[in-house]
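Chemist: Taken in sequence, the protein lines are chains L and S.
Under full-length UniProt numbering, the first residue of the first sequence carries the number 1, and numbering increases by one thereafter.
Under full-length UniProt numbering, the first residue of the second sequence carries the number 1, and numbering increases by one thereafter.
Every residue, glycine too, gets a C-beta built ideally from N, C-alpha and C.
Following this message is one structure expressed as C-alpha cells.
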Amino acid sequence: MRAIATGLFTDEAQPRLIGGKDRETGRIVFPCPSAATYEPVPLSREGSLWSYTVQRYRPKSPPYAGPESFKPWVVAYVELPGEVIVEAPLYGVAFEDVKIGMPVRFAPAPLNPEDADSVFIPAFEPAGDVA
Amino acid sequence: MSGDVCIVGIGIHPFGRTDGLSGVDQGVFAVRQALADAGVEWPQVQFAYGSSDAAGNPDTMVDRLGLTGMQFINVRNGCAAGGSALFSAQMAIKSGEFELGLAVGFDKHPRGAFNALPSEYNLPDWYGEMGQMVTTQFFAAKIMRYMSMFGISQESLGRVAEKAFRNAVHAPHAWRRQPVALEDILAAPLVSDPYTKYMFCSPAEGGVALILASEKKARELGKPLIRLKAATMRTRPPSSFEVFAPSVDVVADDTRPRGTASRIASADAFRLAGIGPGDIDVAQLQDTEAGAEIMHMAENGFCADGEQEKWLAEGHTEIGGALPVNTDGGCLACGEPIGASGLRQVFENVVQLRGDGAGRQVPNSPKTAYSHVYGAPGVSAVTILER
Numbered sequence: 001m002r003a004i005a006t007g008l009f010t011d012e013a014q015p016r017l018i019g020g021k022d023r024e025t026g027r028i029v030f031p032c033p034s035a036a037t038y039e040p041v042p043l044s045r046e047g048s049l050w051s052y053t054v055q056r057y058r059p060k061s062p063p064y065a066g067p068e069s070f071k072p073w074v075v076a077y078v079e080l081p082g083e084v085i086v087e088a089p090l091y092g093v094a095f096e097d098v099k100i101g102m103p104v105r106f107a108p109a110p111l112n113p114e115d116a117d118s119v120f121i122p123a124f125e126p127a128g129d130v131a
Numbered sequence: 001m002s003g004d005v006c007i008v009g010i011g012i013h014p015f016g017r018t019d020g021l022s023g024v025d026q027g028v029f030a031v032r033q034a035l036a037d038a039g040v041e042w043p044q045v046q047f048a049y050g051s052s053d054a055a056g057n058p059d060t061m062v063d064r065l066g067l068t069g070m071q072f073i074n075v076r077n078g079c080a081a082g083g084s085a086l087f088s089a090q091m092a093i094k095s096g097e098f099e100l101g102l103a104v105g106f107d108k109h110p111r112g113a114f115n116a117l118p119s120e121y122n123l124p125d126w127y128g129e130m131g132q133m134v135t136t137q138f139f140a141a142k143i144m145r146y147m148s149m150f151g152i153s154q155e156s157l158g159r160v161a162e163k164a165f166r167n168a169v170h171a172p173h174a175w176r177r178q179p180v181a182l183e184d185i186l187a188a189p190l191v192s193d194p195y196t197k198y199m200f201c202s203p204a205e206g207g208v209a210l211i212l213a214s215e216k217k218a219r220e221l222g223k224p225l226i227r228l229k230a231a232t233m234r235t236r237p238p239s240s241f242e243v244f245a246p247s248v249d250v251v252a253d254d255t256r257p258r259g260t261a262s263r264i265a266s267a268d269a270f271r272l273a274g275i276g277p278g279d280i281d282v283a284q285l286q287d288t289e290a291g292a293e294i295m296h297m298a299e300n301g302f303c304a305d306g307e308q309e310k311w312l313a314e315g316h317t318e319i320g321g322a323l324p325v326n327t328d329g330g331c332l333a334c335g336e337p338i339g340a341s342g343l344r345q346v347f348e349n350v351v352q353l354r355g356d357g358a359g360r361q362v363p364n365s366p367k368t369a370y371s372h373v374y375g376a377p378g379v380s381a382v383t384i385l386e387r
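In C-alpha cells, the structure reads:
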C-alpha cells in the first residue's frame with residue numbers, strides 16, 4: 001500500500017493515522033507538523049462521525065488528483081475520542097444511512113479505485129454490524 | 001480627532017457577470033459614483049485602502065482616476081478584505097492624519113467554485129489532491145452539525161434562500177433578481193448535503209467604493225451624517241471549526257457551539273458602539289450559504305442557537321420584520337466578489353439608513369445598521385453604522 005504522502009498513517013496490518021502531539025500542551029493535530037515541538041503519535045482506529053457532507057461534484061483539478069470518472073463521496077469529520085477530529089472520506093455506506101454519531105473505523109482506501117497502482121488516502125468505513 | 005468617522009459617499013458597480021469590464025474597471029466605476037455622491041473631486045481624496053483577491057492590485061486605479069500622488073494601500077485578507085480596508089481607512093482618519101479617504105473593493109472570479117490551492121493556506125499538497133480543498137465541504141459540514149445540535153430544518157435553509165431572491169428583486173445592484181419558490185429551492189439538486197444549488201452563493205464580479213470623512217469634514221460637505229460607530233476585524237479563537245481544516249480539536253463539552261472569529265468581532269463591535277444586538281434595526285450577515293445566515297444570526301448575538309427556526313417561520317428577518325437581514329439579497333443573490341463583498345454590505349446599510357431603499361426599504365426610518373463577514377481561515381469583520 002503506497003500512501004499519498006509519507007507520515008500520514010502507520011505501515012501496520014491495521015494502519016492507524018499519525019497525529020502530532022504538542023510536546024508542551026498535549027494538543028493533538030493531524031497531520032503531524034514537521035516542527036520538533038510535535039511528537040508523532042498513532043491515533044485510535046475507532047471513532048464516531050462528528051459531522052459530514054456529500055461531495056456531489058468533481059473538485060477542480062489541480063489540485064484534485066482523483067479519477068476523471070467522478071463518483072460522489074461522503075466527506076466525514078471523525079472524532080477520535082480524547083484525541084482529535086479528523087477530516088477524511090467515509091466509504092462503504094449509503095448516503096441516506098449516514099448519521100452523526102455513527103461508529104466508524106480507519107480504513108485507508110485507493111484514491112482511484114479503478115487503478116491497481118493507485119495511491120492510498122486516509123479514509124474511514126462504518127464500524128459495528130453494518131461493516 | 002473628535003467626533004465619528006462618517007460615510008459621505010457610496011458607489012457600486014452591479015454585481016454578477018460583466019463581460020468586457022475588468023475588476024479594476026468595476027472598481028473605478030464605483031469610485032466615480034461615490035465621488036459624485038459625496039460631491040468631492042478625486043484630488044481631494046487624501047488616501048485609499050483597496051481590496052481585491054483575484055483581480056489585480058487596487059492601487060493601479062490611480063492611473064484612471066488621476067496621478068495625484070495620494071497614499072494608496074492594497075489589502076488582501078480573504079473574505080474579510082473589504083472589512084479590513086474599511087477598518088484601516090477608518091483608523092487613518094481617527095488618528096488625525098487624514099480627513100477624507102476612500103475604501104474600495106472589487107473582484108472578478110472565474111466561473112464555478114473557488115479554486116484554492118493548498119500552498120496558499122499552508123496546507124500539504126495531498127490535502128488538495130484527495131479533493132478536500134473545497135470550501136463548500138466545510139460550510140455544509142458546519143451546518144449539518146448545527147442542524148443536528150439545534151433542530152434546524154432544511155426547510156429553514158430554503159426560507160433563507162427564498163428571502164434572498166425575493167429581496168434582490170428590488171436591489172438594482174444584485175445579480176439574481178428573480179424570485180424562486182421555496183419548493184423549487186428544496187427540490188433542486190444537492191451540491192453538498194444538505195445544501196441544494198440555490199443555497200450556495202457563487203463567486204462573481206463587482207465593485208464598491210465608500211468615501212469616508214472626519215465628522216468635521218462631513219459637516220463641511222453638508223452630507224447627512226452616517227456614523228461608523230464600530231469597525232472590527234478579528235481572527236479565530238482556539239478549537240474553532242474552520243474552512244480547510246484537516247483536523248479540529250476535541251473539546252470537553254461539545255454540546256455548545258464553538259467560539260468563532262465572528263463572535264469575537266461582533267462582541268467587540270457592540271462594545272465599541274456602546275449598544276447591543278437588540279438595538280440594531282437592519283443587518284447584513286455573511287450568507288455565502290443559506291445556513292451561514294442562520295448560524296451568524298446567533299454568532300452575532302441576535303438570537304439564541306435554535307431560535308432561528310421560529311424566527312424564519314414567523315418572518316422576523318423579512319424586510320418588514322423585527323430584524324430585517326440581508327435586505328439586498330446578500331451573497332446568495334449578489335454573488336461573492338471577495339474584495340467587494342464586505343463593502344457591499346456597508347453600501348446597502350448606508351442606502352437603508354438614508355431611506356433610499358425604495359422597494360426594499362426597511363420601514364420606520366432605521367437608525368442603526370450592522371454588517372458582518374466571515375471567511376477562511378477563520379477571519380471576520382463587523383461594522384456598526386448609526387445615523
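#1: In whole angstroms, give me the CA-to-CA distance for S/Ala174 and S/Ala168.
#2: Based on Cα-Cα distance, which residue from S/Glu386, S/Ala161, S/Val382 lies nearest to residue 388 of chain S?
#3: Return the chain-ordered list of same chain residues with a C-beta closer than 6 Å to the C-beta of S/Gly9, the five sequence neighbours on each side being excluded.
#4: For S/Cys303, which three-state DSSP category applies?
#5: Out of curiosity, what's the CA-to-CA distance linking S/Gln308 and S/Ile294?
#6: If you drop the 5 nearest sequence neighbours on each side, which residues of the same chain put their C-beta closer than 7 Å to that of S/Gly355?
#7: Pairs of beta-carbons, one from the stretch 24-42 of chain L and one from the stretch 239-249 of chain S, closer than 8 Å: are there three or more?
#8: With distances taken between CB atoms, is the gap from L/Val119 to L/Pro126 smaller than 9 Å?
#9: Per DSSP, which residues does L/Val104 bridge with? Please list them.
#10: To the nearest angstrom, how far is the alpha carbon of S/Ser153 from that of S/Met147?
#11: Mind checking if L/Phe30 is an interface residue toward chain S, Cβ cutoff 9 Å exclusive?
#12: Check the C-beta distance from L/Ile85 over to S/Trp126 and give it rounded, since I have them as a contact under 8 Å.
#13: For S/Ser192, go through chain L and note every residue whose CB falls closer than 9 Å to its CB, in chain order.
#14: Between the stretch 96-109 of chain L and chain S, which residues of the former have a C-beta closer than 8 Å to a C-beta of the latter?
#15: Does the Cβ-Cβ distance between S/Ser214 and S/Val5 come in under 9 Å?
#16: Please report how far the alpha carbon of S/Gly375 lies from the alpha carbon of S/Ala80, in whole angstroms.
#17: Compute the distance between the beta-carbons of S/Glu129 and L/Pro42, then report whether it is under 9 Å.
#18: Bridge partners of L/Trp73, per DSSP?
#19: Comparing C-alpha positions only, which one of S/Ala188, S/Glu205, S/Lys142 sits nearest to S/Arg111?
#20: For the beta strand (DSSP E) holding L/Ala88, just list the boundary residues, first then last.
#21: Any idea which residues DSSP pairs S/Met233 with across the strands?
#22: Give a yes or no on whether 9 Å exceeds the smallest Cβ distance from S/Gln71 to chain L.
#23: Put L/Ala131 into one of helix, strand or coil per three-state DSSP.
#24: Apart from the five residues on each side of it in sequence, which residues of its chain come closer than 6 Å, Cβ to Cβ, to S/Ala261?
#25: Comparing C-alpha positions only, which one of S/Pro224, S/Ala161, S/Thr136 sits nearest to S/Lys367?
#26: Got a sec: is the Cβ-Cβ distance from L/Tyr64 to anything in chain S below 9 Å?
#27: For S/Glu336 and L/Glu24, what's the separation of their Cα atoms in angstroms?
#28: Is the separation between the beta-carbon of S/Gly101 and that of S/Ala48 shorter than 9 Å?
#29: What separation, rounded to the nearest whole angstrom, lies between the Cα atoms of L/Gly20 and L/Phe9?
#30: Name the DSSP bridge partner or partners of residue 132 of chain L?
#31: Grab me the residues of L/Ala131's own chain with a C-beta within less than 8 Å of its C-beta, minus the 5 sequence neighbours each way, in chain order.
#32: So does the stretch 93-107 of chain S actually touch the stretch 21-35 of chain S, counting three or more Cβ pairs closer than 8 Å?
#33: Note down, in chain order, all residues in the stretch 80-91 of chain L with a beta-carbon under 9 Å from any beta-carbon belonging to chain S.
#34: Please state the DSSP three-state secondary structure of S/Gln345.
#35: Quick one: residues in its chain with C-beta nearer than 8 Å to the C-beta of L/Pro113, no 5 flanking neighbours on either side, listed in chain order?
#36: Since S/Pro124 meets chain L, which of its residues come closer than 8 Å, beta carbon to beta carbon?
Modeler: A quick look at the data gives this:
#1: Their Cα atoms are separated by approximately 6 Å.
#2: Outside the displayed span of chain S (1 to 387) sits residue 388 of chain S, for which this structure offers no information.
#3: So the list reads Ala34, Asp37, Ala38, Ile211, once near-sequence residues are dropped.
#4: Residue state, collapsed to three classes: coil.
#5: Spanning the two alpha carbons is a distance of roughly 6 Å.
#6: Exclusion of the five residues before and after S/Gly355 leaves Gln361, Ser365 as the residues of its chain whose Cβ lies within less than 7 Å of its Cβ.
#7: Cβ pair count under 8 Å is three or more, so yes.
#8: At a Cβ-Cβ threshold of 9 Å, L/Val119 and L/Pro126 do not count as neighbours.
#9: Residue pairing of L/Val104 in beta bridges, as defined by DSSP: L/Gly47, L/Pro126.
#10: Straight across, the Cα-Cα distance linking S/Ser153 with S/Met147 is about 7 Å.
#11: Flagged as an interface residue toward chain S: L/Phe30, by a C-beta distance shorter than 9 Å.
#12: With a contact defined as Cβ atoms closer than 8 Å, L/Ile85 and S/Trp126 miss out at about 18 Å.
#13: Result: Thr53, Val54, Gln55, Arg56, Tyr57, Val75.
#14: Contacts with chain S (Cβ-Cβ distance below 8 Å) from the stretch 96-109 of chain L involve Ile100, listed in chain order.
#15: Yes.
#16: Spanning the two alpha carbons is a distance of roughly 6 Å.
#17: No, they are not a contact pair.
#18: According to DSSP, L/Trp73 bridges with L/Gln55.
#19: Comparing alpha-carbon positions, the option among S/Ala188, S/Glu205, S/Lys142 lying closest to S/Arg111 turns out to be S/Glu205.
#20: That run of the beta strand (DSSP E) goes 84-90.
#21: S/Ala381.
#22: No, because no Cβ of chain L sits closer than 9 Å to the Cβ of S/Gln71.
#23: Low local confidence applies: a pLDDT of 44 at L/Ala131 is under 50, so the model's placement there is unreliable, with the coordinate-based value given in what follows. L/Ala131 falls in the coil class under three-state DSSP.
#24: Answer for S/Ala261: Arg234, Thr235, Arg236, Gly378, Val379, Ser380, listed in chain order.
#25: Per the Cα distances, S/Pro224.
#26: So yes, L/Tyr64 belongs to the interface.
#27: Annotation: S/Glu336 to L/Glu24 spans about 41 Å, alpha carbon to alpha carbon.
#28: Contact flag set, yes.
#29: If I take the Cα positions, the gap works out to 12 Å.
#30: One cannot answer for residue 132 of chain L here, as it falls past the ends of chain L, which runs 1 to 131.
#31: Residue confidence is low: L/Ala131 scores 44 on pLDDT, short of 50, so the model does not pin down where it sits. Its coordinate-derived value is still stated next. Excluding sequence positions up to five before and after L/Ala131, its CB lies within less than 8 Å of the CB of Gly92, Arg105, Glu125, all in the same chain and listed in chain order.
#32: Judged by Cβ distances under 8 Å, the stretch 93-107 of chain S makes contact with the stretch 21-35 of chain S, as three or more pairs qualify.
#33: Interface annotation for the stretch 80-91 of chain L against chain S: Leu80, Pro81, Gly82, Glu83, Val84, Ile85, Val86, Glu87, Ala88, Pro89, criterion Cβ-Cβ distance under 9 Å.
#34: Helix.
#35: Pro67, listed in sequence order.
#36: Residues of chain L passing the Cβ test: Ala5, Pro31.
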